[in-house]
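Next up, the structure:
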């Protein structure tokens, strides 16, 4: 019982900042700046309507979602075979290759922003969704390999061997038997890929101008000459949380099932 | 490619890193290294010692540049000696 | 699991290798090239050798930013790891409550970095923000734009709020993977709550915690958007962390050479710390499994 209460206290404290954002998003700017109100006294949905009816606003969400899902697809496609190799075989340079993948997560995006800009401009990909998706593989691929490898190590090798004896070819075995077996792992990995790509700002902003501009970059326009449009900013902020909540909702059972990620 | 601003020395640097890696891979393929324990606190393979050597060499260079007025080639010489010691007895 | 030795496994790794080489190696080489030159435009650059490195290593502002960065990273790790494990232990284990708790706990993780900064910037205001208002009503002279202690307190609180859920989720999953038989055995032995945690739960958490701690270390060491939005690095430069110092140099002053040299140093530091940590954990685990 005590633990239940402690957990609820934590939840309340944790949700408070988000509640405050929602609270602001439902007020007019004059009410926000007028006096501190714990709930909207003149409830208004204008801030949300502004965003959802203006193409230059809502396209930001579409752009962000597009490159995030592209990134998830690319990262999973290349990481699945690699994670399989790491979990099943020893090969020349395996440990070093693994650590090298990890080092890419350590490169400060602030450093890479400019070379990335140059690189993607020179191959004609500047201001496209695929550019951001590729740039985000920098940190997401290593993570995907790491998490998937943990799940795959938990699958007994006898399964592979039995499938080969039964006459399965490798691609057929991998797609028909192996991938369904590590479904949970793919779900959990997808969640982490989504998360890190969705919240990233620096690279996404550097690599786009107008066509593929992420929502985070569009939000800065609420800072106009006449001050900050707090209501719209808050509403845009609330809307950035929604896709994430949907993703967590879909993978909640995979996370709840548990994973220990045995990497040896 | 011009935006990459290549210079002779940096190109040489990356080519030698690539050559070392290729060489180590070939060596490892024909005569696999066995993990052993030297003066380092962990047991290492040849590849581990190479990595440790390169990383520490980078820091040796930074230390020389940051603290002393000596020419950078002095740091390179010290690193080379250190690399040999590490690969042989590490 | 004993793995088979087979160098053909490299074929499985080639796609990852190609993608990462394209998105990491080419930019990294470019940064190295920048760091030894003074660059004025696409076609004019002068060789400067190690000059930028010398300048950066001796720059007192950057040294201060580096120390600040270490202080920050270790502070948040010291808070987030125990707190995250604690929350994981408290989370409901079954039924709809478990699902609801997961979704709620994960929420802060899914907010874009600059939105996190904005949320806390609002919260910290004494006129329209809950935190600032509550603190100043209770008589604390709270002002993140004038008082460095307040700014640090708020940034750490923000990071703990944003990232503790990551440790909590990973730990929660690690705990769920422990078979019930272990707990039953502990009950028969009349093991104390602490003994259960120390000898059953914590060992099972090691692997997920390695991921959690490494991710938190790397990401906190590169923190940029959140403090930038919240305090802009101030008051003075009391909350200017490495990434911000770097971005100011690279973008605002357009000084590519020094910024590149600085980034190489930055990268080497993260690399060294992460490698030591990673190797230490892996060695410990190998010793443990050798004993068993």
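Chains as they are written, first to last, in the numbering used here: chain A, 6 to 269; chain B, 138 to 227; chain C, 433 to 724. Note that CB positions come from ideal geometry on N, CA and C, so glycine has one too. Computed from a prediction, not measured in an experiment: that's the story for all the values here.
query: Beta-carbon proximity check, residue 206/A vs residue 692/C, cutoff 8 Å; result: no
query: For residue 470/C: DSSP bridge partner residues; result: 478/C
query: Residue-chain proximity (residue 37/A, chain C), Cβ-Cβ < 8 Å; result: yes
query: Residue(s) in a DSSP beta bridge with residue 181/B; result: 173/B
query: Reduced DSSP secondary structure (H/G/I, E/B, other) of residue 222/B; result: helix
query: Residue span of the alpha helix (DSSP H) that contains residue 112/A, given as start and end; result: It is not in any alpha helix (DSSP H) - residue 112/A carries neither H nor E in the DSSP assignment.
query: Residue 167/B to residue 202/A span [Cα, whole Å]; result: 41 Å
query: Residues bridged to residue 437/C [DSSP beta-bridge criterion]; result: 95/A
query: 8 Å Cβ cutoff, residue 226/B in contact with chain A; result: no
query: When 484/C, 458/C and 439/C are compared against residue 694/C, the one with the closest alpha-carbon; result: 484/C
query: Unbroken stretches of the beta strand (DSSP E), 3 residues or longer, contained in the segment 562-637 of chain C; result: none
query: Closer than 8 Å to chain B by CB, residue 657/C; result: no
query: Residues of the segment 91-112 of chain A with Cβ closer than 7 Å to any Cβ of chain B, in chain order; result: 97, 98 and 101
query: Residue 6/A at chain C interface by Cβ criterion, 8 Å; result: no
query: Residue 26/A vs residue 239/A beta-carbon contact at 8 Å; result: yes
query: Test: residue 263/A CB closer than 8 Å to a CB of chain C; result: yes
query: Validate contact between the segment 130-148 of chain A and the segment 212-225 of chain A using beta carbons, cut 8 Å, 3 pairs; result: yes
query: Residue 143/B at chain A interface by Cβ criterion, 8 Å; result: no
query: Extent of the continuous alpha helix (DSSP H) to which residue 58/A belongs; result: 51-58
query: Cβ distance (whole Å) where residue 649/C is taken to contact residue 659/C below 8 Å; result: No, residue 649/C and residue 659/C are not in contact; Cβ-Cβ is about 17 Å, not under 8 Å.
query: Short-range partners of chain B found in the segment 126-137 of chain A, where Cβ spacing is below 9 Å; result: 126 and 127
query: Coarse secondary structure for residue 4/A, derived from DSSP in three states; result: Outside the displayed range of chain A (6 to 269) lies residue 4/A, so it cannot be described from this structure.
query: Cα-Cα separation, residue 667/C to residue 697/C; result: 26 Å
query: Assigned secondary structure, residue 21/A (DSSP; H/G/I helix, E/B strand, else coil); result: helix
query: Partner residues on chain B for residue 469/C, Cβ-Cβ distance less than 7 Å; result: 142 and 144
query: Burial state of residue 156/B (16 or more Cβ within 10 Å); result: exposed
query: Residue interval of the alpha helix (DSSP H) (run including residue 145/B); result: 145-167
query: 8 Å Cβ cutoff, residue 123/A in contact with chain B; result: yes
query: Three CB pairs or more closer than 8 Å across the segment 566-576 of chain C and the segment 530-546 of chain C; result: no
query: Contact list for residue 538/C against chain A, beta-carbon separation under 7 Å; result: 253
query: Nearest neighbour of residue 103/A, chosen from 75/A, 154/A and 115/A [CA to CA]; result: 154/A
query: Limits of the alpha helix (DSSP H) - the one that residue 263/A falls within; result: Counting along the chain, residue 263/A falls outside any alpha helix (DSSP H), and DSSP gives it neither H nor E.
query: Cα-Cα separation, residue 682/C to residue 461/C; result: 17 Å
query: At least three beta-carbon pairs within less than 8 Å, the segment 629-649 of chain C to the segment 500-520 of chain C; result: yes
query: The segment 149-168 of chain B: positions lying closer than 7 Å to chain A by Cβ; result: 162, 165 and 166
query: Residues of the segment 181-199 of chain B whose Cβ lies closer than 9 Å to any Cβ of chain A, in chain order; result: 182, 184, 185, 187 and 188
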